[in-house]
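Comments concern the structure below.
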Amino acid sequence: MVKNAPYKFAEFESLNFKYGIGDSLINQYDSKTMHYQYLNDRDSLVKKQVKLTKDDLLYLHRKAAELGFWDFPQDMTGPASANGAKSPRYYLEFKYQRKTKKVVFDLNYNGNTKLKDAVRQLIETVSKSINTAEARG
């Protein structure tokens with residue numbers, strides 16, 4: 077994967093992360109506004125302010141570069157299920173002063189396995205960082 081990212085952390089503005097089932101991406105985080113909302117295990121919508129530190133964001137920027145995020149295709153969605161079941165979908169966006177990189181990823185994406193593993197790892201890392209920041213208060 078590419079180590080020299082065309083995106084520089086000095087130009088970093090924000091991270092947006094959304095996920096849900098199908099097109100319903102009700103779970104959302106925006107690092108610029110610190111707005112975090114998610115459905116808890118009782119299907120209640122929880123809204124909080126969660127701050128990712130500059131170190132957290134630098135770590136995520138570097139992780140994205142390490143995994144080759146800049147080269148991921150924008151659309152990594154899978155085919156519609158024959159029985160109507162919807163796959164979990166993730167939206168990840170890194171916004172910089174001059175560029176923005178967005179990826180939409182479905183768990184049922186049936187493209188390149190290494191690419192699928194890399195995007196899943198990045199999504200897990202972003203999710204874990206948000207959860208850790210939430211626990212910090």
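Residue numbers 77 to 213, in my numbering, belong to the letters of the sequence shown in order.
Ideal Cβ positions, reconstructed from N, Cα and C, are used throughout, including at glycine.
*Closer than 7 Å by C-beta to A140: which residues in its own chain qualify, once you throw out the five before and the five after it? Chain order, please.*
F170, L198
*Tell me whether D147 is buried or exposed, calling it buried when 16 or more other Cβ atoms sit within 10 Å of its Cβ.*
exposed
_Please return the same chain residues whose Cβ sits closer than 8 Å to the Cβ of N103, not counting the five positions on each side in sequence._
K94, Y95, G96, Q113, Y114, L115
*Could you name the residues of the same chain whose beta carbon sits closer than 8 Å to that of I206, not counting the 5 residues immediately before and after it, in chain order?*
F93, Y105, Y112, V126, L128
*asked:* For a test of the three-state rule: what should DSSP assign to Y135, helix, strand or coil?
replied: helix
_Please report the straight-line C-alpha distance between V202 and S120, rounded to a whole angstrom._
Across the structure, V202 and S120 are spaced so that their CA atoms are roughly 22 Å apart.
*Cβ of L121 versus every heavy atom of the ligand PLP: is any distance shorter than 7 Å?*
This structure does not include the ligand PLP; it has no bound ligands of any sort.
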